[in-house]
Structure formats: structure tokens, C-alpha cells
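Worksheet: the structure to be examined is printed underneath.
2 protein chains.
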Amino acid sequence: MLTQDKQQRNWQPIIKAFEAVLGKNGVIKRREELITYECDGLTSYRQRPAVAVLPRTTEQVAAVVKICNQYSVPFIARGSGTGLSGGALPLEDSVLIVTSLMRQILSVDLDNQRIVVQPGVINSWVTQTVSGAGFYYAPDPSSQIICSIGGNVAENSGGVHCLKYGVTTNHVFGLKIVTPEGEIVDLGGQIPETPGYDLTGIFVGSEGTLGIATEITLRILKSAESICVLLADFTSVEAAGASVSDIISAGIIPGGMEMMDNISINAVEDVVATNCYPRDATAILLVEIDGLEVEVAVLKQRITEICQQNGARNVTSASDPETRLKLWKGRKAAFAAAGHLSPDYYVQDGVIPRTQLPYVLQEIENLSQQYGYKIANVFHAGDGNLHPLVLYDNSVPGALEKVEELGGEILKLCVKVGGSLSGEHGIGSDKKCYMPEMFNKVDLESMQWVRQVFNPQGLANPEKIFPTPRTCGEAANAMNHKQFEGVERY
Amino acid sequence: MLTQDKQQRNWQPIIKAFEAVLGKNGVIKRREELITYECDGLTSYRQRPAVAVLPRTTEQVAAVVKICNQYSVPFIARGSGTGLSGGALPLEDSVLIVTSLMRQILSVDLDNQRIVVQPGVINSWVTQTVSGAGFYYAPDPSSQIICSIGGNVAENSGGVHCLKYGVTTNHVFGLKIVTPEGEIVDLGGQIPETPGYDLTGIFVGSEGTLGIATEITLRILKSAESICVLLADFTSVEAAGASVSDIISAGIIPGGMEMMDNISINAVEDVVATNCYPRDATAILLVEIDGLEVEVAVLKQRITEICQQNGARNVTSASDPETRLKLWKGRKAAFAAAGHLSPDYYVQDGVIPRTQLPYVLQEIENLSQQYGYKIANVFHAGDGNLHPLVLYDNSVPGALEKVEELGGEILKLCVKVGGSLSGEHGIGSDKKCYMPEMFNKVDLESMQWVRQVFNPQGLANPEKIFPTPRTCGEAANAMNHKQFEGVERY
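Keeping their order, the protein sequence lines are chains V and B.
Here the first sequence is numbered in the numbering used here, starting from 766 and rising by one per residue.
Here the second sequence is numbered in the numbering used here, starting from 766 and rising by one per residue.
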């Protein structure tokens, strides 16, 4: 059906209109050049768009979106393409609006602790820009050296430090956006609280379905006086989990608290060789503490004691930046390292109440055995945000389908214990069919009211988030669980 | 016009329908009993509703709202009626849905740090419920011993501790709401992050225009090991303001940081006699520090030094709960105390970037002289949330109008320096005409799209927040600056 649409559409006047706004260099239309954009981090699904455009300014984005509206062409915004839920997966008959030339830091206001950036700015650049003055930007996805702030806003990205400091939405003061109809609108402001409806809050995490952010005002934080990373080595996952609970129960909120299991530890050591992680540990905890020097010293002592009481074989710590970075490097490379364990891997992202950790990890182990796939576990333990990595070989016929089914079982388990379908990777294309596991019909409809009102033609990132892409013309096609119609499978 | 509507409306079948749901005791219809509900904390405007109803359950609220829809009757939710912007001001031809019988704590889950409450539960009860186990609820408006959680959610209330811990929206995990059409919908969940659009975030602060929250899941925090309150005494407002900037610049985020000027200090001492506040100080800062004992000791030292470097005459501190409470009691009683300085007072609520504090305070002093009204200043200095209290006598003809104009000038000043119309009291009836100062037409329309889609008949708290109550039938009546049509003035 989509192919047919494409055959019917005459792209020549549309491309000409884009070129008038962006110049010939700003429009990519050759099929071999478009291969770069055929998927995001969810590499198991690929689809080249008809055209990709590279605007540099808010006005250019607005002009492009207006052209899309004029010709009723769907458009999908894309940052660095590191998203893991297929939020930036193109449709065949669509325009990809790529923000990678929108990489200006527009203003820095240290006194009021804020920075205004274009959406293509890379996450780690924000901290680099202000670190000399003693500031940093808190949300730090593992992909922070390549992922873009625009993508972080779209997916409401998290990271290691979100346990203490919150996810992206807690760090966005305001946005300039281009609406799905091409209007330029300011949401929020230059300070945390603004009156009226919190449209900034609803935009963050809306995965490109409510428009495209073109200027983003972020909160920056003052760097802590002292930082220390502890590594605790356990002979059981339960003991590591119990330590996490006990640390939080003691009223301690570490900067980050991550767990890695034996499979992940060895994958990381094989690939990035931190030489810090004990290869024979069943699980390790990485706990970062930040604050005043005296505070860090006391917390280091307390956390060490809690881990020892739970049977940790060993607790080591690092305060110097070099060793700290090395300890985190392994954790941040865990997904990539899993890629060396098997030809393919599938990252899941679910959240559970912390108290359910031991039960859920055991159930994931049971599912692993039942389906016959190894699962590596590496996750934000402090906030119950799991990232099971299912290891498989995509060249085996039917493997992807089985792995997706297994991933779905894990998500259902998360929801069953009072958790959530996603902690930080978004719903995108990948998980939209599971939304009804978590939300009933009325709940989902309430969200789609918002989508419809901002995105009445349904052109902004269609077929994402919701099982029913309920645009004005499609209201009847309720609760369609079929995904990826017309999209090539790899 | 409203009077005419009322004459036309036959309330008998509506009241009968309410009584069938709530019993006769659940429906208040006698004019002399309705006087309780004629205003909220914005006492200068009063209007009795036609009827008030007192539901006890979500289902009863839904049934009441469905009856309102059936008869096209506007309805306004009301908690304890302490709001300061007239968010719960009735219309003559309306039903007031009062939540004061919805006062159950529905569940407490200490392990996962959450509590589920009905909307009529008083703010301070939440902390009382969990304090024995070492927990507390962070948002603490001055009215916390009487204001309700439902009202806090409606107005996205703040308080002294919001500098460090954030306002209400940062502490609501999920909501059960009754939509303006009487549907029961769950927003968010039992954990901080849920996928899809952040409807919880948009509901919090929507002032009853998107429905009525009937179950609220709140985050509770572990109480700090140590708390200390510092009182620094200054001979100039500038010195106090510079201390605030320097404390924040030093990377310290106190639990709370409040400033009171000489007028406020003396008002408080006259009324509640803390005997702690120096009556001859031009300004005082109250700074609460919480954390580990060692951390509090170091911060106390650093903050004291910063205040002294800025010329503080004296810095005292209190760690024992009794003295701490006494120090805060004065601050929390400041609004009430102002009532003893003059027959009436008008509280303004605006936000400015912290760096603009000295300039804005001087401008407020200039406005005070220009208009000939004394202004007491007491405010959340750390987050730039001002609360100028304009002292006046309402029995003088024209005084209220002049004071409102003065209040408007202060708001415009806040917006001019990059701030906001409201920090924590909401827009309500009081400030809706100033929304165009902060938002342009397209920005305001974007918010109203959301209102229209949730509230298509416009029955849920009409004539609040937006200068144009843009219901489906009223889209033409754009940017109407007239407020309170048909509402009696006192």
C-alpha cells in the first residue's frame, strides 16, 4: 500500500520546494546516499525515506514542514539516529528531517544555570561547553558522545545519573518548536516554572509526534566538589539487589547505581578491557557518590558496609577522574560489548518497582531458559530500570520473531509487577503494540486526543508510540496491533 | 447574562439527580450555607455557586460530572479553598464540587516511597502519616496545615522546600482523574517514568480545567539525618540578595532559602512573636540546610562565611526541632501577619531569574512610592519567586482597582526581566488577563487546543487561566481582557 502511494506521488515539485529553502546540498535524494538514514539504533528494521533534508535554522525547519503539509507528506525528525526503539524509523513515502547541521550552542548563562542549544548538538558537548566553569549537564545516556539533545528530548532520555538528578524532562526549561503544521511556538520559558499547561513536559518524550524542537533551553548543574565510584563484587544477583534496596532504604540516593551480571562483565572485559571488573563475580554494583568531600567520605563508608553486610566479596573505590572514567567506560560500553558475544542482540528497556528486582530477575532467567536465548543484564538498579540484552543470531530463520516475543514477555512481566514498558528508550515503532498492556482504551485515547489536536493531519512521525495511528481519517481503524506494515525486515 | 442563564435554568431535576448519587447530606443548596464557598483565598472576589456537592468516591465524582454534562452545567472543583489566585471562584450558574469528604489515605508503600491519597487529604497529613517511619512529603506551601493535596495538584503548589526538591509536579507519580465529560482515566503510574505523553505533567497545574483528580500517587522522601536553619541579618536588601546569589554560585542548594524585609519582619513579630527575628534588620535570610551531619556542618560554615562577606551583622543557627519550627513559623505566618498591618493586603506571586533580584526589588520599591501603597516583601529568594504583599484599605473607593493595577505592573516587570507570571499560586481568575504579557497568540492557542480537546463543552472550571475561555462555541471571542463578568466585587 505504501509502495503504491509512493508510485502515485510526484516528488519532483516537493524536492524543488525543499531545494529552494535549503539549497541543493541540503536535500539528499539519491538512493545510495539515503542508506545512512534507513534505521536508527533499532537496526533490525530498515526503511529508506524518499528524501532527507538538512535544515540549519528554525525558519528552515518551519518552511520544510509547511511544504510537507502542502503536499501531505509524512515527515520524521532524526537526530543522531542512536534511538533504540525505532522512533526515527522512516516510512518509504516520507521525508526525514535530519538535525545534524543544527549544532550551534546559542547561548550560555552561567549565572542562571542555563544553556540554549540547537537540537543537533551532541549530549556530551553541553557538559564540555560549561565544564571549565564548573558546571555539567546531568542526563547522560550511554550514547552521550554521539546522541543529540533533540533526540534526548524526543525520547526523554535517561542515563546513569538520572537516579539522583532525574531524566531529560527535569532538565528542560523551555523549547522553541515547529508544530506539525509548521507554526513556530515557544513552550515553557527560561526558568523552571511557567504558568498555564505544561506543554514543555508533554513535548519531551513525545518522540517527534507533536513537532520538532529547534531550540532547547537546558538546566545545567554545578559540578560536585567530590565524586567517588564504588565497585562492589557479589556472588549472587540477590545479594546485589538486596544491597540496592538497603542503600535506598538508608536514605542514600547515589549519583548513579548500576548493576551488571556475569555475562555483561565478561563481555565488557573482552571488548574494552577495563581490567577493573572481576570476571568471576555473579554481579557487580557500580555506585557513584557525589557531593561535599565530607559527605562522600561518610557515604562511601556506609555503602561499603551495606554491601559487605549483604555478602559482597570485595568493595573497591576510585576518586581520581581517570579510574572513575575507566569504571564507567565498561558500563557505558556494555551494549556494544554484547554485540561481540553473539551476532546480534536485542536490548529491552523496562521499569519495575525496586522491591520487585529479585523476583523479576529470576523470571527473566526462567524466560531465558524457556526460550533458549542467553540474556545479559545490565541496568540502572537504583531506579529499577532494566536493560536485558537478548543474545541471538539473526541469520537463523525465525530467530528475530522469537526474540521479539521473549522481549514482549519481559515487558509484560514489568507491567504485571506495577512497572512500565519503557524507562528511557521510548516506545517508537518497537513497543507500540505493547501499549495496551499498560494503558486501557480510555487512557490511550486521552493521549491520542493530544496527538490529534497538535498533529491533525497525522504527518509528524506517523505510526509511532500508539498501536492505532489515530489521525483524523483513521479513527475507525482502532487498536491495530500490526506493526511495520510495508517496512522491510532484516 | 449569567443571571439570566440562572433564571432560565431549572435546578430541581439537577439537584434531585445529585441527591440520588450523594444523598441529601451530600448536596448543599441553601443560600446561607453556600456562603462558605463563595471565595477561595482571593477574598476580594466572591460569588456563591448555585449548588455545592460533597462526593466521597471517584465513582461519585464521575456521576456528578456526568449529570453536569447531561444538563450542561459548569462545575468547579474546590479543595480547602486556600488558593490565592481565585482558581476555585464559583460562577453563579455553577456547581461547586467540594472534595473535603474525600480525605482517605488509600495506601502507603514505604519500600517504594509512595503514598496514594484522595484529593481532600490535607498537605501536612501526608508527612504526618509517614514521619514515624522516617519519611516526609516535600512540597510545603505556607498553608500546608489546611490546604488539600487536590488543590496542590491543581495549582502545582510550591513551598519553602521546593528550591531543592521541586514543586508538586515533581512529586506526583500518577493520578486517577474524572475527565470533564465524566470518564475515569488513569494518568502516569506508580513509578516516576511512564511511556507515552506526560498527561500527569499537563494535568498538574491545570487548575481544574482538565478534570478532577480523585486519587493521587505521591512520592515521599526519606527525612534527612540532620537539619539546620540559619538566620542571617542584613542592613540592606542588596546584601541579602548578593548572599543568595553567592550561595547558589558556590554550588550549594539549600533545602530552602527565604528572604523577608523589615516590614514583614515586624509584622510577624507583632503577630506571632517568634522573638527570633531582629526587628531592626533591613532584610533577613532564612536558610535551611539538610543532609548528613557532616554535610550540614560544612555548609553551615560556608553559608555563614558568605553572608558575613556580604556584610551580615549576625548569623545565628538552630538545629533543634523546636527552634527550627519557631524560625519557620514566622515565615509561614507572614501573609497572615500582613493582614494585621492594614485592613487588607494583596499577595502577588511572580518569578524572576535570580540575577535580577536587586533590580526588581528596587523597581518594586519605586512602584510602591509611585502608587502610594506600602509593599512588604517575603519570598522564596533561592528560586527567585517573589511574593510582594501590597497593603491597602479596601473600604477606600477605588483602592482595590489601584492595587490590582500595581500588582499588574509588578507582574509585567517580572515578565520583562525574563521571569514568569506565577511561581506557585496559579493564574486562576486573578491573572488571566496578564497571560498575553508572557505568551503570544500562537502559544496561548496551543494551550487552549489541549483544553478544548479534554474539555470540549467547556464545563470544567470555565473562565480560568486563559484570557479567552475558548470553548468550542466561543472561538470567535478572542483575547477578551475583561475578567469576572457577572461576579460581585467586594
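Cβ coordinates follow ideal geometry from the N, Cα and C atoms, glycine included.
Whole-angstrom distance between residue j and residue i, CA atom to CA atom
i: Val-792 (chain V); j: Ala-782 (chain V); result: 10 Å
i: Ile-1117 (chain V); j: Lys-1197 (chain V); result: 19 Å
i: Pro-1234 (chain V); j: Gln-835 (chain V); result: Interpretation of Pro-1234 (chain V) is limited by its pLDDT of 46, a score under 50 that renders its predicted location unreliable; the figure taken from the coordinates is listed afterwards. Each residue's Cα considered, the two are about 21 Å apart.
i: Glu-1174 (chain B); j: Met-1024 (chain V); result: 54 Å
i: Ile-1230 (chain V); j: Gly-1020 (chain B); result: 38 Å
i: Gly-1184 (chain B); j: Tyr-1199 (chain B); result: 13 Å
i: Leu-1176 (chain B); j: Glu-1058 (chain V); result: 42 Å
i: Lys-1247 (chain B); j: Ile-910 (chain B); result: Unreliable placement is indicated for Lys-1247 (chain B), whose pLDDT of 30 sits below 50; no coordinate value is reported for it.
i: Thr-1236 (chain B); j: Val-830 (chain B); result: The predicted position of Thr-1236 (chain B) is uncertain, since its pLDDT is 36 and thus under 50; a value taken from the coordinates is nonetheless stated next. About 17 Å.
i: Ala-919 (chain B); j: Ser-971 (chain B); result: 6 Å
i: Ala-1048 (chain B); j: Ala-1005 (chain B); result: 7 Å
i: Ser-907 (chain B); j: Pro-1108 (chain V); result: 60 Å
i: Ser-1084 (chain V); j: Ala-1046 (chain V); result: 22 Å
i: Lys-1139 (chain V); j: His-1105 (chain V); result: 13 Å
i: Cys-993 (chain V); j: Thr-933 (chain B); result: 31 Å
i: Asn-1226 (chain B); j: Asn-1131 (chain B); result: 37 Å
Chain V within 9 Å of residue i, Cβ atoms only
i: Lys-1094 (chain B); result: no
i: Ser-1185 (chain B); result: yes
i: Asp-1158 (chain B); result: no
i: Met-1025 (chain B); result: no
i: Leu-952 (chain B); result: yes
i: Trp-1214 (chain B); result: yes
i: Thr-823 (chain B); result: no
i: Val-1116 (chain B); result: yes
i: Ala-989 (chain B); result: yes
i: Met-867 (chain B); result: no
i: Leu-1151 (chain B); result: no
i: Met-1022 (chain B); result: no
i: Glu-1228 (chain B); result: no
i: Gly-897 (chain B); result: no
Supposed close pair residue i, residue j - CB separation, criterion 8 Å
i: Phe-938 (chain V); j: Pro-960 (chain V); result: Contact flag wrong, Cβ pair sits at about 14 Å.
i: Ala-1141 (chain V); j: Asp-1026 (chain V); result: 6 Å
i: Gly-806 (chain V); j: Gly-848 (chain V); result: 5 Å
i: Val-786 (chain B); j: Gln-812 (chain B); result: So it is not a contact: roughly 25 Å between Cβ atoms.
i: Val-1215 (chain B); j: Val-969 (chain V); result: Contact flag wrong, Cβ pair sits at about 15 Å.
Beta carbon of residue i nearer than 9 Å to that of residue j
i: Leu-1051 (chain V); j: Arg-1096 (chain V); result: yes
i: Val-881 (chain B); j: Thr-982 (chain B); result: yes
i: Pro-855 (chain V); j: Glu-803 (chain V); result: yes
i: Asn-921 (chain V); j: Asn-888 (chain V); result: no
i: Ile-949 (chain B); j: Thr-864 (chain B); result: no
i: Leu-1151 (chain V); j: Ile-1018 (chain V); result: no
i: Val-1037 (chain V); j: Phe-1100 (chain V); result: no
i: Gln-883 (chain V); j: Gly-923 (chain V); result: no
i: Gly-1115 (chain V); j: Leu-1186 (chain V); result: yes
i: Lys-987 (chain V); j: Gly-931 (chain V); result: no
i: Gly-885 (chain V); j: Met-867 (chain V); result: yes
Min CB distance residue i to chain B below 9 Å
i: Trp-776 (chain V); result: no
i: Pro-957 (chain V); result: yes
i: Ile-779 (chain V); result: no
i: Tyr-962 (chain V); result: yes
i: Lys-1177 (chain V); result: no
i: Thr-979 (chain V); result: no
i: Ala-1062 (chain V); result: yes
Beta-bridge pairing of residue i - partner residues as DSSP gives them
i: Ser-1185 (chain V); result: V:Val-1116
i: Ile-862 (chain B); result: B:Val-818, B:Ala-842
i: Leu-986 (chain B); result: B:Tyr-901
i: Cys-993 (chain B); result: B:Ile-1054
i: Met-1022 (chain B); result: B:Val-1052
i: Ser-872 (chain V); result: V:Val-881
i: Thr-1081 (chain B); result: B:Leu-996
i: Val-943 (chain V); result: V:Ile-949, V:Ile-977
i: Ser-913 (chain V); result: V:Ile-887
Residue i: CB within 8 Å of a non-hydrogen atom of the ligand HEM
i: Tyr-902 (chain B); result: Only the bare structure without any ligand can be found here, which leaves the ligand HEM out of the picture.
Closer than 9 Å at the beta carbon, the chain D residues around residue i
i: Phe-1219 (chain B); result: No chain D is present in this structure, whose protein chains are V and B.
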